[in-house]
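Novice: Structure incoming, see below.
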Amino acid sequence: MKLKNLIIAFLVILAGWFLLTWSIELKSVLIGVALSGLLSLLFCGQCTIFSEMKITPKSFIYTFIYLFVFLVELVKANIDVTKRVLSPSLPINPGIVKVDTHLKSKMARLILANSITLTPGTFTLEVHEDTFYIHWIDVKHSDEVHATEDLIRKFEKLLEEIYE
5 MKLKNLIIAF LVILAGWFLL TWSIELKSVL IGVALSGLLS LLFCGQCTIF
55 SEMKITPKSF IYTFIYLFVF LVELVKANID VTKRVLSPSL PINPGIVKVD
105 THLKSKMARL ILANSITLTP GTFTLEVHED TFYIHWIDVK HSDEVHATED
155 LIRKFEKLLE EIYE
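Position in the sequence shown (from 1) plus 4 gives the number in my numbering.
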């Protein structure tokens, strides 16, 4: 388990390095590899944050699908909130809804909570085991089943493929 966590941490840090430097020059790559190795050894030597993650081609593909779905939902939510700001006559129905997730992985639940919060119009207020309390700018359904379907199901299905 420890080696798996180190490898994933190394790859995540290295990917961040490449995104920040946007360079594939040998000097830059060597510095990125050295720093990624050092940082993963220093900060993830005993961590278990990635232990629940599957390392399969399927989970790798689903990670990119998740990022794409999240970006689409992010754009849709931004457009919706922008419309509400520019046209105050649009009805809003703010409230707090309770939703339940089937996710067992702590990391998957963390990603789900952050994805909800990063999407404009929603904010994760509290997470308790498999129950999320979410502030929603326009509560369409007060019952738990429909709110869960609207808010988290699209993310949850993909996270299950990556983490469980």
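Quick reminder that beta carbons are idealized off the backbone N, C-alpha and C, glycines included.
Take VAL254 and list the residues in its own chain whose beta-carbon comes closer than 7 Å to its own, dropping the five residues that flank it on each side.
Specialist: Only positions 5 to 168 of the chain appear in this structure, which leaves residue 254 out of reach.
Novice: For the alpha helix (DSSP H) holding LEU90, just list the boundary residues, first then last.
Specialist: Stepping through the sequence shown from its first residue, residue 90 is reached at position 86. LEU90 -> alpha helix (DSSP H) spans 61-90.
Novice: Sort out for me which residues DSSP pairs ILE100 with in a bridge.
Specialist: Mapped onto the sequence shown, residue 100 falls at position 96. DSSP output for ILE100 lists HIS139 as bridge partner(s).
Novice: With H, G and I counted as helix, E and B as strand and the rest as coil, what does DSSP make of HIS132?
Specialist: Counting from 1 along the sequence shown, the entry for residue 132 is found at position 128. Strand, per DSSP.
Novice: With a cut-off of 8 Å on the beta carbons, I'd call PHE54 and ILE115 a contact; round off their distance for me.
Specialist: Taking the sequence shown and counting its residues from 1, one reaches residue 54 at position 50. Taking the sequence shown and counting its residues from 1, one reaches residue 115 at position 111. That pair is no contact at about 12 Å.
Novice: What residues match up with THR126 in a beta bridge as DSSP calls it?
Specialist: In the sequence shown, residue 126 corresponds to position 122, counting from 1. The partner list for THR126 (beta bridge, DSSP) reads TRP140.
Novice: Could you say which of LEU30, PHE74, ASP134 and VAL85 lies nearest to TRP140 if we only look at CA atoms?
Specialist: Working through the sequence shown from its first residue, we reach residue 140 at position 136. Among LEU30, PHE74, ASP134 and VAL85, the Cα nearest to that of TRP140 belongs to VAL85.
Novice: So THR67 and ASN9 are supposed to be a Cβ contact under 8 Å. How far apart are they, rounded?
Specialist: Residue mapping note: residue 67 aligns to position 63 of the sequence shown, counting from 1. Residue mapping note: residue 9 aligns to position 5 of the sequence shown, counting from 1. About 16 Å; that fails the 8 Å criterion.
Novice: Given 8 Å as the limit, is there contact between the segment 37-48 and the segment 73-82, that is, 3 or more CB pairs closer than that?
Specialist: no
Novice: Can you grab the Cα-Cα spacing for the pair LYS164 / THR152, in whole Å?
Specialist: By 1-based counting over the sequence shown, the position of residue 164 is 160. By 1-based counting over the sequence shown, the position of residue 152 is 148. The amino acid at residue 164 is misidentified as Lys; the sequence shows Glu. When rounded, the distance between both Cα atoms is 15 Å.
Novice: Tell me the rounded alpha-carbon separation between LEU122 and VAL33.
Specialist: As a position in the sequence shown, residue 122 is number 118, starting the count at 1. As a position in the sequence shown, residue 33 is number 29, starting the count at 1. In a straight line, the C-alpha of LEU122 is about 31 Å away from that of VAL33.
Novice: Can you tell me where the alpha helix (DSSP H) with ASP154 in it begins and where it stops?
Specialist: Residue mapping note: residue 154 aligns to position 150 of the sequence shown, counting from 1. Per DSSP, ASP154 belongs to the alpha helix (DSSP H) from 148-155.
Novice: Could you give the distance in angstroms between the alpha-carbon of THR126 and the alpha-carbon of GLU160?
Specialist: Along the sequence shown, one-based indexing puts residue 126 at 122. Along the sequence shown, one-based indexing puts residue 160 at 156. Between THR126 and GLU160, the alpha-carbon positions lie close to 16 Å from each other.
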